[in-house]
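Engineer: Counted from 1, the sequence shown has number 76 at position 77 by numbering that gives the first Met the number 0; the numbering is strictly sequential.
Glycine included, every Cβ here is placed at the ideal spot set by N, Cα and C.
All figures in this text were calculated on a predicted structure; none of them were measured in a lab.
There's a structure below that I have some questions on.
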Amino acid sequence: MSSRLTKKSYIIYGLGVSYFMIDQIYNQWLSYYYLPPETEKNLVPLLKPQYLVLAFIFARIIDAISDPVVGFLSDNSKSRFGKRSIFMLIGGLPLGLLTIMYFYPVKSSQLVTLIYLSIVGGLYFTAYTLVAAPYNALIPDLASNKEERLNLSTMQSTFRLIFTGIAMVLPGILISKLGRINGVLNTEVGIRKTVILITILSVLGIYACVFFLKEKQLTQNRPKTESLGFMKSISHLKNKEIILYFLGYFFFFCGFNILRGDLTYYLSAVMQKDIKYLTVISVVLFGMAGLFFPITNKFGKKYSYKKILIVDMLLLIIGTFGLLFINKNNSIFAYLLFVICGTGLSGAAFIFPQAMLSEISAKLSEIKKVSLEGFMFGIQGMFLKLAFLVQQVVQSTLLVAGNQNIQNGVKGATELGVKITLVVALVLFGVSLFFYNLKKED
């Protein structure tokens, strides 16, 4: 790693991405809690799929507005905590509290549950944006060259993988342990206790980054840049390479979020395994991604990001396609396919998105003499949240395909529904690859 940023700085920065444990809980367990599969005997569906979609849309509209606004405000902040850290300080605790509130809904009626979920969702995404957009914008702020930006992105990806892995691996163990009352498993109690524990760990990581990174000191020698109005900032987005990047990014994360959100359903409905096996799948999928981080980092310094990204995308497409042919009788082969997917995720989902946008932001700052790092990562955050909305709409509407069994007026997820959503993910990966391929070499 570069000598300008110490190993301590890299590690403390990496700790800040602990909010991805909350992200993983949201992505993997929220839909499962409100719309459990028909094979889940300890949970009942709380909302009809169309009601879930309405709540998600409401929250995402608020989210889409807040991302670029928070990014813009952080670009122009003069706080003594550092222009990014102050927003993380404000948003960290509310983010944790709102994550927990998701799993304590009012259940008096579906309408009341819908209203509750919508309000909590809108506040949740506002808090999430206060943490995530400024945190990511620290990469071009802290780094002085391309190698440092790639190293920071790799460090963030390493910790992001660790935190994501914790949030994927631990629930499969903790829910069955913490949810037992007099020896009988209560899945709802297990999920709630697990969410509280993981959320506390997430918030601690966020504040460790805020208080120990010393952003102000590390960025004090940055060149002075012009402060821009909001509309002037938007005008800088009218660039072909920026547009191609964001299109590739958006469609990729639409597909990836569907794949990631399908894991629990895939395990239960397709492989027909106990929830404890989620730990094994998570280790295989994200363990492979982590093993390839050093290789991806090394290749990123030798070749263009685009070339490696295309290879990663092809591996992900091959692995996801193979998952369509798995059933309970040949489920052992699913692990090999998760190995292939995990290899592709190393660069496509983790290292390159942050590194590529950091390069774009740094070049804009250098050429135009403007500070747009926060705004650019805010726009990226907006596309990421819209990708989550696509995932939620797809899963809420398609996971119940072929199910004629109605509980509490609501259908549960089926094997057919899970595989249909994977087909949608494949199409989205293909569209993403198309746009990334049009982008120039880095």
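I want to check one thing, is the minimum distance from the CB of Tyr25 to the heavy atoms of the ligand SAH below 7 Å?
Structural biologist: Looking at this structure, you won't find the ligand SAH or any other ligand, since it has none at all.
Engineer: In whole angstroms, give me the CA-to-CA distance for Leu29 and Phe255.
Structural biologist: On the sequence shown, residue 29 is found 30 positions in, with the first residue counted as 1. On the sequence shown, residue 255 is found 256 positions in, with the first residue counted as 1. Roughly 17 Å between the two C-alpha positions.
Engineer: Residue range of the alpha helix (DSSP H) that Leu246 falls in?
Structural biologist: Along the sequence shown, one-based indexing puts residue 246 at 247. Looking at the DSSP string, the run of the alpha helix (DSSP H) that includes Leu246 is 239 to 264.
Engineer: With distances taken from CA atoms, which of Gly429, Asp140, Phe349 is nearest Leu246?
Structural biologist: For the purposes of this step, residue 246 is taken as the residue at position 247 of the sequence shown. If we check each option's Cα against that of Leu246, Gly429 comes out closest.
Engineer: I need the DSSP call for Ile325, collapsed to helix, strand or coil.
Structural biologist: Mapped onto the sequence shown, residue 325 falls at position 326. In this structure, Ile325 counts as coil in the three-state DSSP scheme.
Engineer: Using a threshold of 8 Å, state whether the C-beta atoms of Tyr248 and Gln390 are closer than that.
Structural biologist: As a working note, residue 248 is residue 249 in the sequence shown. As a working note, residue 390 is residue 391 in the sequence shown. Contact: no.
Engineer: So the alpha helix (DSSP H) Arg159 belongs to, where does it begin and stop?
Structural biologist: Within the sequence shown, residue 159 is the residue found at index 160, counting from 1. 145 to 177 is the span of the alpha helix (DSSP H), which, as asked, contains Arg159.
Engineer: Using a Cβ-Cβ cut-off of 7 Å (strictly less than) and excluding sequence neighbours within five positions of Val393, which residues of its own chain qualify?
Structural biologist: Residue numbering aside, residue 393 sits at position 394 when the sequence shown is read from its first letter. So the qualifying residues of the chain are Ile257, Thr420, Val423.
Engineer: Pull up the distance between the alpha-carbon of Leu217 and that of Ile10, whole angstroms please.
Structural biologist: Walking along the sequence shown from the start, residue 217 turns up at place 218. Walking along the sequence shown from the start, residue 10 turns up at place 11. Taking the straight line joining both Cα atoms gives about 14 Å.
Engineer: How big is the Cα-Cα spacing for Pro35 and Pro44?
Structural biologist: For the purposes of this step, residue 35 is identified with residue 36 of the sequence shown, where counting begins at 1. For the purposes of this step, residue 44 is identified with residue 45 of the sequence shown, where counting begins at 1. Rounded to whole angstroms, Pro35 to Pro44 spans 6 Å at the Cα level.
Engineer: When you compare the CB positions of Met87 and Ile199, do they come within less than 8 Å of one another, or not?
Structural biologist: Within the sequence shown, residue 87 is the residue found at index 88, counting from 1. Within the sequence shown, residue 199 is the residue found at index 200, counting from 1. No, the Cβ-Cβ distance between Met87 and Ile199 is not below 8 Å.
Engineer: Is Val105 helix, strand or coil by DSSP?
Structural biologist: Mapped onto the sequence shown, residue 105 falls at position 106. Of the three classes helix, strand and coil, the one that applies to Val105 here is coil, per DSSP.
Engineer: Comparing C-alpha positions only, which one of Gly260, Tyr33, Cys253, Val310 sits nearest to Ile190?
Structural biologist: By one-based count along the sequence shown, residue 190 stands at place 191. Measuring from the Cα of Ile190, the nearest candidate turns out to be Tyr33.
Engineer: Kindly indicate if chain D contains any beta-carbon less than 8 Å away from that of Leu151.
Structural biologist: Here there is only one protein chain, and chain D is not present.
Engineer: Can you tell me the Cα-Cα spacing of Val271 and Ser364, whole angstroms?
Structural biologist: Looking up residue 271 in the sequence shown gives position 272. Looking up residue 364 in the sequence shown gives position 365. Looking at the sequence itself, residue 271 is Gln, so the reference to Val does not match. Approximately 52 Å between the Cα atoms of the pair.
Engineer: Taking buried to mean at least 16 other C-beta atoms within 10 Å of its own C-beta, is Gly164 buried or exposed?
Structural biologist: Along the sequence shown, read from residue 1 onward, the residue named residue 164 stands at position 165. Buried.
Engineer: Apart from the five residues just before and just after Asn436, which ones in its own chain have a Cβ nearer than 7 Å to its Cβ?
Structural biologist: Locating residue 436 in the sequence shown gives position 437, where the first residue counts as 1. The residues are Ile309.
Engineer: I want to know whether the segment 332 to 340 touches the segment 302 to 322 - three or more CB-CB distances under 8 Å.
Structural biologist: The answer is yes - the segment 302 to 322 touches the segment 332 to 340, with three or more Cβ pairs under 8 Å.
Engineer: Go ahead and pull the three-state DSSP assignment for Val399.
Structural biologist: As a position in the sequence shown, residue 399 is number 400, starting the count at 1. Three-state DSSP puts Val399 in coil, outside helix and strand.
Engineer: Based on Cα-Cα distance, which residue from Ala400, Leu42, Phe71, Thr396 lies nearest to Met230?
Structural biologist: Within the sequence shown, the letter at position 231 stands for residue 230. It is Phe71.
Engineer: Taking Cβ positions, are Val269 and Ile325 nearer each other than 8 Å?
Structural biologist: Locating residue 269 in the sequence shown gives position 270, counting from the first residue. Locating residue 325 in the sequence shown gives position 326, counting from the first residue. In this structure, Ile325 lies closer than 8 Å to Val269 by Cβ.
Engineer: Exposed or buried, what is Gly15 when buried is set at 16 or more other beta-carbons lying within 10 Å of its beta-carbon?
Structural biologist: The sequence position of residue 15 within the sequence shown is 16, counting from 1. Burial call: buried.
Engineer: Grouping DSSP H, G and I as helix and E and B as strand, with all else coil, what is Val417?
Structural biologist: Here the question's residue 417 lines up with position 418 in the sequence shown. Helix.
Engineer: Report, in whole angstroms, the separation of the C-beta atoms of Ser232 and Leu371, which I expect to be a contact under 8 Å.
Structural biologist: Here the question's residue 232 lines up with position 233 in the sequence shown. Here the question's residue 371 lines up with position 372 in the sequence shown. Right, the Cβ-Cβ distance comes to about 6 Å (below 8 Å), so this counts as a contact.
Engineer: Measuring alpha carbon to alpha carbon, tell me which of Leu425, Arg79, Ile114, Asn238 ends up nearest Ile359.
Structural biologist: Working through the sequence shown from its first residue, we reach residue 359 at position 360. The candidate whose alpha carbon is nearest that of Ile359 is Asn238.
Engineer: Just to confirm my understanding: we take Gly321, look at its own chain, exclude 5 residues before and 5 after, and list those with CB closer than 6 Å. What are they?
Structural biologist: As a first step, residue 321 must be located in the sequence shown, where it is residue number 322. Cβ neighbours of Gly321 beyond the five flanking positions: Leu336.
Engineer: I need the straight-line Cα distance from Lys439 to Phe433, nearest angstrom please.
Structural biologist: The count along the sequence shown starts at 1 and reaches residue 439 at position 440. The count along the sequence shown starts at 1 and reaches residue 433 at position 434. C-alpha separation (whole angstroms): 12 Å.
Engineer: How big is the Cα-Cα spacing for Leu236 and Thr193?
Structural biologist: Translated into positions along the sequence shown, residue 236 becomes position 237. Translated into positions along the sequence shown, residue 193 becomes position 194. If I take the Cα positions, the gap works out to 41 Å.
Engineer: Which term fits Arg79, buried or exposed, when burial requires 16 or more other beta carbons within 10 angstroms of its beta carbon?
Structural biologist: As a position in the sequence shown, residue 79 is number 80, starting the count at 1. Arg79 comes out exposed.
Engineer: Taking DSSP's pairing of strands, which residues face Leu184 in a bridge?
Structural biologist: The residue given as residue 184 occupies position 185 in the sequence shown. Arg179.
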